[in-house]
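Note sheet for the following structure.
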Amino acid sequence: MKNIVIVGSGTAGTMMANKLRKALSKKEWTITIIDKYKSHYYQPGFLFIPFGTYTQKDVIKQKDAFIPDGVNLIYAEVDRIEAEQSRVLLTDGKIYNYDYLVIATGCQTRPEETQGLKEANWYKNIFDFYTIEGAVALHEFFKDWQGGRLVMTITELPFKCPVAPLEFVFLADAYFTKRGIRDKVEIILTTPMAGAFTKPKATAMLGKLMAEKNIKLIPDFYVESVDSENNTLHSYDGKEVVYDCLTIIPVNMGDDVIARSGLGDDLNFVPTDKNTLRSIAYENIFVLGDASNIPASKAGSVAHFASETLLGNMLETIDGKPMTHSFDGHANCYIETGFGKASLIDFNYVTEPLTGKYPAPVIGPFTLLGTSRINHLGKLAFKTMYWEFLLKDRKLPVGNKMSMSGKKKD
Amino acid sequence: MAQKTYAGVVLDVTDEGYMTDKNLWTKEIAIAIAEEENISLNDSHFAVIDFLRDRVAKGETLTIRSIGKSGIVDIKGFYQLFPGAPLKLATRISGLPKPVSCV
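Quick note, the sequences are listed as chains S and R, same order.
Note that the working numbering has the first sequence beginning at 1, numbered continuously upward.
Note that the working numbering has the second sequence beginning at 1001, numbered continuously upward.
Now the structure itself:
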């Protein structure tokens, strides 16, 4: 018997477990997936919790429901990966040897990386919404809030779901409008980037939308520290922003197991070939999802599109053939813009988000880089798609490579 | 795409002024680009520039945080050397591509 071990049973690891089990003979291959937690979170749903659209039960299911028969699911903590010996050591002393390893350990928020952030006012008037605890605490806070200055801050790049802070300010605008206190809430977004987003056309479109909604953008703001006694954010170049409520995307880093194993960069992301998705350092290690350092969005859609490439390359490697599949960096993100509308962007390593229709030219039904009600419905419908299709590797009606079909180059 | 002359050398640069071929870079070119940004380069600047070029040559991604952890300069010092948007300024002066903020 040969062994494949997958470390991490989130979106990426679960998809790979399903794909590999279908593709490989049970007589020849043992597949083991290891994770320390039993709950699977639908992370895109966290965004809706502060505004009461979703509750906890919408976003949590048990992991075992998504792991197919014939895959060993182990709930345990990995102490470290010993890549030279091709084995995984658990904290309880068990050892799993592997022929091939898939690293799918994702990334997490690290509020302790920012001075003053996780202190007395954490979850009092300072919140993240990238954890279930933060999203729920923020919902409780918002329910009774009578207004003031709401500051949404991005501390560091890269971070998961790069459009989420934009969606957050758009949804906050709509939420406080509906509550009748929008005139009492000032909304500000600070970012270390030069604009609302990194790619020119999307930045222009989203920047315009922010101005229309009376949301102020403070670009090139790189947070040094939070002074929670005086409700003030400080940047490294001496700028200050005062807040009444601070919602923050803390520094995102890869899992500590990557650091303990000596497999990561400064932020614990695993150096990975952006096209083959194989580890730069080890030929029998592959990396899927947020755990890698590839220059693509840290988002479920990227992990999903990349999983097709990874499967192809792993199967070829197993057969002793050269890898012929190449990931193009494809990402596809709905952007909630409030009041029952959403925008959609579709892009890859080389093509920035463009206007047009998706997935079919002219008929769409989704509008790229514009806002529409059907985009919003697409975003809401995606929750079901995620649980029922994506994780279990059932066929979705879109290809994994980005297509220029339906896109306008100007 | 555009062309600019720095230190007497005609170079291809992007619309945002980043050199398209980092191998053509020299210290003299760095000094000339820095002058455009009203920065007068000293040894501290060049220590950072060497670090950035070395990291990029190794295929690593540049972030302000990683420079802060480099031991060469802390983040505050990095801002003092290249005021405003230090990573964008420093990479342009170093003849490197504009850093890709992972989207």
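Glycine included, each C-beta is placed from N, C-alpha and C at the ideal position.
If you follow the alpha helix (DSSP H) that residue i is part of, which residue opens it and which one closes it?
i: S:Q56; result: Q56 to V59
i: S:M210; result: P200 to E212
i: S:H40; result: Not the alpha helix (DSSP H): S:H40 falls in the beta strand (DSSP E), residues S39 to Y41.
i: S:N87; result: The residue asked about is misnamed: residue 87 of chain S is Arg in this sequence, not Asn. From DSSP, S:R87 is part of no alpha helix (DSSP H) but of the beta strand (DSSP E) over R87 to L90.
i: S:K379; result: R373 to M385
i: S:M15; result: T11 to A23
i: S:F176; result: A164 to K178
i: S:T309; result: G300 to I318
i: R:L1087; result: P1086 to I1093
i: R:R1055; result: D1043 to A1057
i: S:H139; result: I132 to D144
i: S:R260; result: D256 to R260
i: R:A1030; result: K1027 to E1036
i: R:S1066; result: I1064 to G1068
i: R:Y1079; result: I1075 to L1081
At least one CB of chain R closer than 8 Å to the CB of residue i: is that the case?
i: S:Y236; result: yes
i: S:N430; result: Residue coverage of chain S in this structure runs from 1 to 410, which leaves residue 430 of chain S outside it and unanswerable.
i: S:N293; result: yes
i: S:L288; result: no
i: S:A194; result: yes
i: S:M402; result: no
Distance cutoff 8 Å, beta carbons only. Does residue i sit that close to anything in chain S?
i: R:I1031; result: no
i: R:A1085; result: yes
i: R:Y1079; result: yes
i: R:C1102; result: Residue placement at R:C1102 is flagged as unreliable, the pLDDT there being 44, under the threshold of 50; a coordinate-derived value is accordingly withheld.
In chain A, which residues lie with their C-beta within 8 Å of the C-beta of residue i?
i: R:I1075; result: Protein chains S and R are contained in the structure displayed, whereas chain A is not.
In terms of DSSP beta bridges, what is residue i paired with?
i: S:F127; result: S:T247
i: S:N268; result: Partner(s): none; S:N268 has no beta bridge.
i: S:K321; result: According to DSSP, which records beta bridges pairwise, S:K321 is partnered with nothing at all.
i: S:L233; result: S:V226 and S:V241
i: S:S343; result: S:I335
i: S:I181; result: DSSP output for S:I181 lists no bridge partner at all.
Locate the beta strand (DSSP E) running through residue i, then write down its first and last residues.
i: S:S365; result: In the sequence as presented, Ser is not what sits at residue 365 of chain S; that position holds Pro. Start and end: G364 to L368.
i: S:G338; result: A331 to G338
i: S:V398; result: It is not in any beta strand (DSSP E) - S:V398 carries neither H nor E in the DSSP assignment.
i: R:D1012; result: V1009 to V1013
i: S:L101; result: Y100 to I103
i: S:A360; result: T355 to A360
- [ ] Scan the segment 1046–1068 of chain R for residues whose Cβ lies nearer than 8 Å to a Cβ of chain S and list them as they occur along the chain.
- [x] G1059, E1060, T1061, T1063, I1064, R1065 and S1066
TODO: Could you please tell me which residues of the segment 346–363 of chain S, in chain order, have their CB closer than 8 Å to any CB of chain R?
DONE: F347
Task: Stretch pair the segment 168–182 of chain S + the segment 139–152 of chain S: three plus CB contacts closer than 8 Å - done: Cβ pair count under 8 Å is three or more, so yes.
- [ ] Please confirm if the segment 205–224 of chain S is in contact with the segment 190–197 of chain S, defined as three or more CB-CB distances below 8 Å between the two stretches.
- [x] The segment 205–224 of chain S vs the segment 190–197 of chain S: in contact.
TODO: May I ask you to verify whether the segment 8–26 of chain S touches the segment 281–291 of chain S, counting CB pairs closer than 8 Å and requiring at least 3?
DONE: yes
- [ ] Output, in sequence order along the chain, the residues in the segment 250–278 of chain S whose CB is closer than 9 Å to any CB in chain R.
- [x] Identification of residues in the segment 250–278 of chain S having a C-beta nearer than 9 Å to some C-beta of chain R yields V251, D265, D266, L267, F269 and P271, given in sequence order.
Task: Near-chain R residues of the segment 128–157 of chain S (beta-carbon distance less than 8 Å), N- to C-terminal order - done: Hits within the stretch, in order: E156 and L157.
Open item on the list: Counting beta carbon pairs with one atom in the segment 315–330 of chain S and one in the segment 32–42 of chain S, are three or more of them shorter than 8 Å?
Closed with: No, they do not touch.
- [ ] Could you tell me whether the segment 1015–1034 of chain R touches the segment 330–350 of chain S, using the rule of 3 or more Cβ pairs below 8 Å?
- [x] Touching, no.
- [ ] Please confirm if the segment 1027–1043 of chain R is in contact with the segment 1061–1075 of chain R, defined as three or more CB-CB distances below 8 Å between the two stretches.
- [x] No, the segment 1027–1043 of chain R does not touch the segment 1061–1075 of chain R.
Open item on the list: Count Cβ pairs between the segment 329–337 of chain S and the segment 290–308 of chain S that sit closer than 8 Å; are there 3 or more?
Closed with: yes
Open item on the list: Quick check: the segment 130–146 of chain S against the segment 234–241 of chain S, are at least 3 beta-carbon pairs closer than 8 Å?
Closed with: no
TODO: Determine contact between the segment 69–89 of chain S and the segment 16–34 of chain S, defined as no fewer than three beta-carbon pairs at a distance below 8 Å.
DONE: Between the segment 69–89 of chain S and the segment 16–34 of chain S, the count of Cβ pairs shorter than 8 Å is three or higher; the stretches touch.
Task: Three-pair Cβ contact test at 8 Å for the segment 171–184 of chain S versus the segment 220–237 of chain S - done: Verdict: no, contact absent.
Open item on the list: Measuring CB atoms only, is the segment 400–408 of chain S touching the segment 358–365 of chain S, in the sense that at least three cross pairs come out at less than 8 Å?
Closed with: yes
Open item on the list: Would the segment 222–229 of chain S count as touching the segment 111–120 of chain S if we require 3 or more Cβ pairs under 8 Å?
Closed with: yes
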